[in-house]
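Asks: Take a look at this one; I'll ask things after.
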Amino acid sequence: MSDDYLVRIGKLIRDARQHRGWTQAQLAEALNTSQSAVNRIERGNQNISLEMIARIGEALDSEIVSLGYAGPMHLRVVGGRRLSGAIDVKTSKNACVALLCASLLNKGRTVLRRVARIEEVYRLLEVLNSIGVRTRWINDGVDLEIVPPAELDLASIDADAARRTRSIIMFLGPLLHRQDRFMLPYAGGCDLGTRTVEPHMIALRRFGLDIAATEGQYHAVVDRSVAPDRPIVLTERGDTVTENALLAAARHDGTTVIRNASSNYMVQDLCFFLEALGVKVDGIGTTTLTVHGVPTIDVDVDYSPSEDPVEAMSLVAAAVVTESELTVRRVPIEFLEIELAVLEEMGLDHDRSPEYFADNGRTRLVDLTVRPSKLEAPIDKIHPMPFPGLNIDNVPFFAAIAATAQGQTLIHDWVYDNRAIYLTDLNRLGGRLQLLDPHRVLVEGPTRWRAAEMMCPPALRPAVVVLLAMMAAEGTSVLRNVYVINRGYEDLAERLNSIGAQIEIFRDI
Numbered sequence: 005m006s007d008d009y010l011v012r013i014g015k016l017i018r019d020a021r022q023h024r025g026w027t028q029a030q031l032a033e034a035l036n037t038s039q040s041a042v043n044r045i046e047r048g049n050q051n052i053s054l055e056m057i058a059r060i061g062e063a064l065d066s067e068i069v070s071l072g073y074a075g076p077m078h079l080r081v082v083g084g085r086r087l088s089g090a091i092d093v094k095t096s097k098n099a100c101v102a103l104l105c106a107s108l109l110n111k112g113r114t115v116l117r118r119v120a121r122i123e124e125v126y127r128l129l130e131v132l133n134s135i136g137v138r139t140r141w142i143n144d145g146v147d148l149e150i151v152p153p154a155e156l157d158l159a160s161i162d163a164d165a166a167r168r169t170r171s172i173i174m175f176l177g178p179l180l181h182r183q184d185r186f187m188l189p190y191a192g193g194c195d196l197g198t199r200t201v202e203p204h205m206i207a208l209r210r211f212g213l214d215i216a217a218t219e220g221q222y223h224a225v226v227d228r229s230v231a232p233d234r235p236i237v238l239t240e241r242g243d244t245v246t247e248n249a250l251l252a253a254a255r256h257d258g259t260t261v262i263r264n265a266s267s268n269y270m271v272q273d274l275c276f277f278l279e280a281l282g283v284k285v286d287g288i289g290t291t292t293l294t295v296h297g298v299p300t301i302d303v304d305v306d307y308s309p310s311e312d313p314v315e316a317m318s319l320v321a322a323a324v325v326t327e328s329e330l331t332v333r334r335v336p337i338e339f340l341e342i343e344l345a346v347l348e349e350m351g352l353d354h355d356r357s358p359e360y361f362a363d364n365g366r367t368r369l370v371d372l373t374v375r376p377s378k379l380e381a382p383i384d385k386i387h388p389m390p391f392p393g394l395n396i397d398n399v400p401f402f403a404a405i406a407a408t409a410q411g412q413t414l415i416h417d418w419v420y421d422n423r424a425i426y427l428t429d430l431n432r433l434g435g436r437l438q439l440l441d442p443h444r445v446l447v448e449g450p451t452r453w454r455a456a457e458m459m460c461p462p463a464l465r466p467a468v469v470v471l472l473a474m475m476a477a478e479g480t481s482v483l484r485n486v487y488v489i490n491r492g493y494e495d496l497a498e499r500l501n502s503i504g505a506q507i508e509i510f511r512d513i
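When we follow the numbering used here, the leftmost residue of the sequence shown carries the number 5, and every step to the right adds one.
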């Protein structure tokens, strides 16, 4: 192995270790070797076998190199280019994921229009196919047809695919009506009793679902004598928690009241879909949902999920960071009004078209034109709130936007542990971000972006933020192993190229 390859592999290992949050000593302990050996490997000063590379990749849960099949995808970005023209927002990733899970409620044929062709959707399709659900892309690969079997084969579930999507937890709501006992794999990190999972359990116990988690599996038992006898109060106003409660309530033969429910975009799309299935839902768009369930759903349904407000925000951020004039079409304005109000306060110059309806006939859209603007840091901190507040998934984009503004901006990501840490990756591109604690970052602007080669952060939105900064930086940058971006965005590089970016997709050995 040449010295050049040793240096490059060493850098990849170092980046993967740092993104895992490990010290060299921790990696050495996992590999049963010395810290000095790890140090030599990372500096490219030690011969390293393919077996050792595989062991390191397994320890860090990161694909360092791949052999015998297509390796991880990387992006080479020539920055400093202005964007122009217009781009359409794709359908919502989070809505599509929820609707795939909801299709398990229906014994009939479900057709979903313009489904996002992303890795998260592919993983769920692999899971559905493995348990006997027939799925196929129709209409030149634009729409998705889903036909369930008479009986699901949960014993044959694709556990690897299930563990690569946290959305698998939303199978619990539909399956409790189909099986008295079943097992589901759960994604790494979703330990039973943690903040992200326990609210699901609290809600679903009211429908008789009892779960034990052992050896990477949810072991579920359903007591048919148990049913909600009073309103379900969610302990967390989470999107997936609300969706799981809705999915359980949809086939409960009676009326279920869900309080402290999320009214976010993907929840509303799920409610609209349930209505297409014949389930009446009162209070859509509020924090109290009343579901009039039906015990059997057997209809042929055709539904069009709405556009993705988070993708819309990322495209707006791309225009701001690259100082471009760009029209973003089909923006779900109801779910971006707070973000735009903050940007207006910062000095953003933009116009919006009259409102029109999405293909679901319910969600309000506009076309948004953004122009180069001299931005000032906002007076107040940037922080998320449940809808109709600033969307948690849009907070990272404000790190890149704030870096272009004059002054200091405090970003407080109170929802996710440690996600704010990944925003400091912008410092490698010339940013001046100071991590105050795992939830707060102080951003100093304006920024003179510079090109760099780096590993993709393991969190979706921070990864896209890094890509946007690379687009603004003069010179050529490389962003390695962008699987996480492909989980949430369809053909993002090609679509950005269509409006003036210069991004090349490539793979290593």
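All C-beta atoms in this analysis are idealised placements derived from N, C-alpha and C, irrespective of residue type, glycine included.
Roughly how far, in whole angstroms, is the beta-carbon of Gln50 from the beta-carbon of Gln39, given that I think they are within contact range, below 8 Å?
Replies: No, Gln50 and Gln39 are not in contact; Cβ-Cβ is about 13 Å, not under 8 Å.
Asks: Do you know how far the Cα of Lys378 is from the Cα of Val346?
Replies: Going from the Cα of Val346 to the Cα of Lys378 covers about 14 Å.
Asks: Indicate the three-state DSSP secondary structure (helix, strand or coil) for Val82 in the structure shown.
Replies: If DSSP states are grouped into helix, strand and coil, Val82 belongs with the strands.
Asks: Using 7 Å as the cut-off, classify the Cβ of Asn98 as near or not near the heavy atoms of the ligand GDP, replying yes or no.
Replies: Annotation note on the ligand GDP: not contained in the displayed structure, which lists no ligands.
Asks: Pairs of beta-carbons, one from the region 491-500 and one from the region 10-29, closer than 8 Å: are there three or more?
Replies: As far as the Cβ criterion goes, the region 491-500 does not touch the region 10-29, which means the pair count is below three.
Asks: Which of helix, strand or coil does DSSP assign to Leu71?
Replies: Note that Leu71 has pLDDT 47, beneath the 50 cutoff, so the model's placement of it is unreliable and the number below is only indicative. Coil.
Asks: Could you check where the alpha helix (DSSP H) with Gly177 kicks off and where it finishes?
Replies: Run containing Gly177: Leu176 to Leu179, per the alpha helix (DSSP H) assignment.
Asks: State the start and end residues of the unbroken alpha helix (DSSP H) segment that holds Glu348.
Replies: Element bounds for Glu348: Glu341 to Met350.
Asks: In whole angstroms, what separates the C-alpha of Asp429 from that of Asn143?
Replies: Cα to Cα, the separation comes out at about 41 Å.
Asks: Anyone know if the C-beta pair for Ile386 and Val419 falls short of 8 Å?
Replies: Not a contact, by the Cβ cut-off of 8 Å.
Asks: Among the candidates Pro400, Gly258 and Trp453, whose CA atom is the shortest distance from the CA of Thr300?
Replies: Closest option to Thr300, Cα to Cα, is Gly258.
Asks: Which of the three DSSP states, helix, strand or coil, is assigned to Val524?
Replies: As displayed, the chain neither begins before 5 nor continues past 513, which places residue 524 out of reach and without an answer.
Asks: Look up Tyr269 in the DSSP assignment and say whether it is helix, strand or coil.
Replies: The answer is helix: DSSP assigns Tyr269 an H, G or I state.
Asks: Where Ile503 and Ile91 are concerned, what is the direct C-alpha to C-alpha distance, given to the nearest angstrom?
Replies: One C-alpha to the other measures close to 7 Å.
Asks: Let me confirm a value: Gly449 is counted as buried when at least 16 other C-beta atoms fall within 10 Å, else exposed. Which label applies?
Replies: Buried: at least 16 other Cβ atoms inside 10 Å.
Asks: Quick one: what does DSSP say Met317 is sitting in, helix, strand or coil?
Replies: Looking at Met317 - three-state DSSP - the assignment turns out to be helix.
Asks: Name the one or two DSSP bridge partners that Glu124 has.
Replies: In DSSP, Glu124 forms no bridge with anything.
Asks: What distance in whole Å lies between the Cβ atoms of Leu148 and Ile172, which are believed to be in contact at a cut-off of 8 Å?
Replies: Not quite, the Cβ-Cβ distance comes to about 18 Å (not below 8 Å), so this is no contact.
Asks: Suppose the cutoff is 6 Å on Cβ atoms and the five residues either side in sequence are ignored; what does the same chain contact list for Leu196 look like?
Replies: In this predicted model, Leu196 has a pLDDT of only 38, less than 50, meaning its place in the structure is not dependable; the value taken from the coordinates is given anyway. Contacts found: Ala217.
Asks: DSSP state of Arg140, grouped into three classes?
Replies: Arg140: strand per DSSP, three-state reduction.
Asks: Between which residues of its own chain and Met5 is the CB-CB distance below 6 Å, once the five residues before and five after are set aside?
Replies: Here Met5 scores only 47 on pLDDT, less than 50, and its place in the model is too uncertain to base an answer on.
Asks: Can you tell which of Arg80, Leu116, Ala252 and Ala34 has the C-alpha that lies nearest to the C-alpha of Asp306?
Replies: Cα-wise, what sits closest to Asp306 is Leu116.
Asks: Out of curiosity, what's the CA-to-CA distance linking Leu180 and Gly136?
Replies: Using only the alpha carbons, I get a separation of about 17 Å.
Asks: Within this structure, are the beta carbons of Lys111 and Pro178 separated by less than 8 Å?
Replies: For Lys111 and Pro178, no; Cβs fall outside 8 Å.
Asks: Hey, quick one: how far does the beta strand (DSSP E) through Asp243 stretch, first residue to last?
Replies: First-last for Asp243: Asp243 to Ala254, but that is the alpha helix (DSSP H), not the beta strand (DSSP E).
Asks: Quick one: is Gly89 buried, meaning 16 or more other Cβ sit within 10 Å of its Cβ, or exposed?
Replies: Result: exposed.
Asks: So does the region 226-245 actually touch the region 264-275, counting three or more Cβ pairs closer than 8 Å?
Replies: Contact between the region 226-245 and the region 264-275 is present, because at least three Cβ pairs lie under 8 Å.
Asks: On the three-state DSSP scale, how would you describe Gln506?
Replies: In this structure, Gln506 counts as coil in the three-state DSSP scheme.
Asks: Give every residue of the same chain whose Cβ lies closer than 6 Å to the Cβ of Tyr426, excluding the five residues on either side of it in the sequence, and list them in chain order.
Replies: Hits under 6 Å: Pro461, Ala463 and Pro466.
Asks: Reducing DSSP to helix, strand and coil, say where Asp195 ends up.
Replies: With a pLDDT of 35 at Asp195, under the threshold of 50, the predicted position of this residue should be treated as unreliable, though the coordinate-derived value follows. Correct three-state label for Asp195: coil.
Asks: If we ignore side chains and look at the alpha-carbon of each, how far apart do Gly192 and Ala165 end up?
Replies: Because the pLDDT at Gly192 is just 49, under 50, the model does not fix this residue reliably, and the value given afterwards should be weighed accordingly. Spanning the two alpha carbons is a distance of roughly 12 Å.
Asks: Is the beta carbon of Val245 sitting closer than 8 Å to the one on Pro203?
Replies: The answer is yes: Cβ separation under 8 Å.
Asks: Rounded to whole angstroms, what is the Cα-Cα separation between Val119 and Gly435?
Replies: Their backbone Cα atoms lie some 36 Å apart in a straight line.
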